[in-house]
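Visitor: Before we start, here is the structure in question, set down as structure tokens.
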Amino acid sequence: MSEATMADMTSRIEELRQRALEQVRADHFDEALSLYDEALGLTDDEEVRELITINKGHALIAAERTGPEVKALPMILMRRRNAHHTFLSAYALMYTNRLANELKRAIFYGQIALEAATEAQQTLWQVAVQNELGIVYETDSQFGKAIESFTQALACLDKKGVDDVAAQAFSRVAIITNLGDSTLLSGNSKEGLRLIHSVIDQIATPHAKSDAFGNLSYGYLDLGDFDKARSYGEQALEFACEERQVRNAHYLIGEAAYKAGDVDAAEEHFEQLARFYPQFRHLKSLLFAIDLRSMINLKL
Amino acid sequence: MEQGEYKVGLDTLLKILATFDLSIGDFFDESARSESVVQKYRSLSPTAQKEVESFIEFKRAQEEDGSWDSDSGESEGDDV
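Keeping their order, the protein sequence lines are chains A and B.
Each residue of the first sequence is one higher than the one before, counting from 1 in my numbering.
Each residue of the second sequence is one higher than the one before, counting from 1001 in my numbering.
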């Protein structure tokens, strides 16, 4: 193969890889997987094949599937061919272990990804891994470490060199929201509410809005402002996209209504929640008797 | 985990509590019954309250020395 042809082929493979990455970002996983397969079919270069394998493994994980590319990730990580591959494979392994609720393993891989990102002086990699690590710590109820990770992620965003304005804005809103959640869960309700209020108007998707409004409701319940807690709980219900969010919203509205003295409304929303648990005969009695709020993380 | 405060999802918590549903239900029934007994006691005159306390003491002593017949549901003290 001539040098020109090789250059064309390299360019074509990279184009396919970039198109696949775009498809993953748009949640079009089948299209992405086909593009990765096409790219893999065009190259024998071990380094390029390894990169595409990592990317495909990540796409499979994001699609909540598995395959040989996912199983190959630990071996690729052990090989440590270069900082980029080490970071990507460790990050993918952190993510898949978080989804599997293997939190200690997720933290282990997260630390490797963070080291690789730091050594390579790649600011956006550091932002991504610190944010993901924060989510893992929060899931594991390590709120202090979660706050530290999200704060580090924001500090990285403020560094020079992050010139993608759209990525900056999107990441900043997501990270501040996460920081607000962890701050609320750590018991610092006023600061948690301040953080979430600072970005609430920039949250774009109904799914993220429902979570943010639910967290505002949770925070105002803690502060004893039951009218606001109920109002934000109702907005969480309005934007709810999944059963978890519907259950959370009914619980929050019911709790706020009960504490404000509106027993009929509390009864109605606790009844809605109880419908998810037909085997739990005394659920409503329990909800009227015990405040479960301090035991729950609404994101889980 | 910090300070023993492990937080879980609402769904997980309710599923865990659902496995104890019977005892929670019993707890609430028992609480309601105890509350009702206390309310009745408080509505009595001081003299009647003294008599109830004496009767409770009598029943407690009776159970301690084993002379109470739990199967019959009656006791020697019923005519006190």
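Note that the Cβ used here is the ideal one computed from N, Cα and C, for glycine as well.
Note that the coordinates shown come from a computational prediction; the quantities given were computed from them, not determined experimentally.
(1) Between the alpha carbons of A:L60 and A:I175, how many angstroms are there, rounded?
(2) So, A:K299 versus A:D181, is the Cβ gap smaller than 8 angstroms?
(3) Which residues does DSSP pair with B:V1008 in a beta bridge?
(4) Can you list, in chain order, the residues of its chain with a C-beta nearer than 7 angstroms to that of A:A113? Leave out the 5 residues immediately preceding and following it.
(5) Can you list the residues of chain B that A:F280 reaches, using a CB-CB cut of under 8 angstroms?
(6) Please tell me whether A:A116 and A:A72 are closer than 8 angstroms, where the distance is taken between their beta carbons.
(7) When the cut-off is 8 angstroms and only beta carbons count, does A:I296 lie next to chain B?
(8) Taking beta-carbon pairs under 8 angstroms, can you tell me which members of the stretch 206-217 of chain A lie near chain B?
(9) With 16 as the cutoff for other CB atoms within 10 Å, does A:N97 come out buried or exposed?
(10) Could you run through the stretch 181-203 of chain A and flag, in chain order, every residue whose CB is less than 7 angstroms away from some CB of chain B?
(11) Note down, in chain order, every chain B residue with its Cβ under 8 angstroms from the Cβ of A:R230.
(12) Rounded to the nearest angstrom, what separates A:L252 and A:V70 at their Cα positions?
(13) At the level of alpha carbons, what is the spacing between A:R275 and A:E15?
(14) Hey, quick one: how far does the alpha helix (DSSP H) through A:P206 stretch, first residue to last?
(15) Going along the chain, which unbroken runs of the alpha helix (DSSP H) with 4 or more residues stay wholly within the stretch 108-166 of chain A?
(16) Could you give the distance in angstroms between the alpha-carbon of A:G57 and the alpha-carbon of A:R25?
(17) By DSSP, does A:R281 sit in helix, in strand, or in coil?
(18) Give the secondary structure of A:A240 by DSSP, where H, G and I count as helix, E and B as strand, and everything else as coil.
(19) For the stretch 242-254 of chain A, which residues have a CB atom closer than 9 angstroms to at least one CB atom of chain B, in sequence order?
(20) Helix, strand or coil, according to DSSP, for A:A32 in the structure here?
(21) With a threshold of 8 angstroms between beta-carbons, can A:Y220 be considered close to chain B, or not?
(22) Would you verify that the beta carbon of A:Y277 is, or is not, closer than 8 angstroms to some beta carbon of chain B?
(23) Against chain B, which members of the stretch 122-147 of chain A pass a CB distance test of less than 8 angstroms?
Guide: Well, looking at it:
(1) Their Cα atoms are separated by approximately 24 angstroms.
(2) Yes.
(3) According to DSSP, which records beta bridges pairwise, B:V1008 is partnered with A:I296.
(4) The beta carbon of A:A113 is closer than 7 angstroms to those of F87, A90, Y91, M94, V129 in its chain, skipping five residues each way along the sequence.
(5) Here the neighbours are L1014, L1017, A1018, D1021.
(6) Not in contact: A:A116 and A:A72 (Cβ atoms no closer than 8 angstroms).
(7) Output row for A:I296: interface = yes.
(8) For the stretch 206-217 of chain A, the beta-carbon criterion of a distance under 8 angstroms to any beta-carbon of chain B is satisfied by none of its residues.
(9) Counting Cβ neighbours within 10 Å, A:N97 comes out buried, since at least 16 surround it.
(10) Residues L185.
(11) Listed along the chain, the chain B residues whose CB falls inside 8 angstroms of the CB of A:R230 amount to none; the nearest CB is some 17 angstroms away.
(12) Roughly 39 angstroms separates the two Cα atoms.
(13) Our two residues, A:R275 and A:E15, have alpha carbons roughly 50 angstroms apart in a direct line.
(14) Under the DSSP assignment, A:P206 falls in the alpha helix (DSSP H) whose first and last residues are 206-223.
(15) Qualifying alpha helix (DSSP H) stretches, in chain order: 123-139, 143-157.
(16) CA-to-CA, the gap between A:G57 and A:R25 works out to about 14 angstroms.
(17) Under the three-state reduction of DSSP, A:R281 is assigned to coil, being neither helix nor strand.
(18) In the structure shown, A:A240 adopts coil according to DSSP, grouped into three states.
(19) Hits within the stretch, in order: E243, R244, R247, N248, Y251.
(20) Looking at A:A32 - three-state DSSP - the assignment turns out to be helix.
(21) By this cut-off, A:Y220 is not an interface position.
(22) Closer than 8 angstroms: yes.
(23) From the stretch 122-147 of chain A, only D140, S141, Q142, F143, G144 have a Cβ closer than 8 angstroms to chain B.
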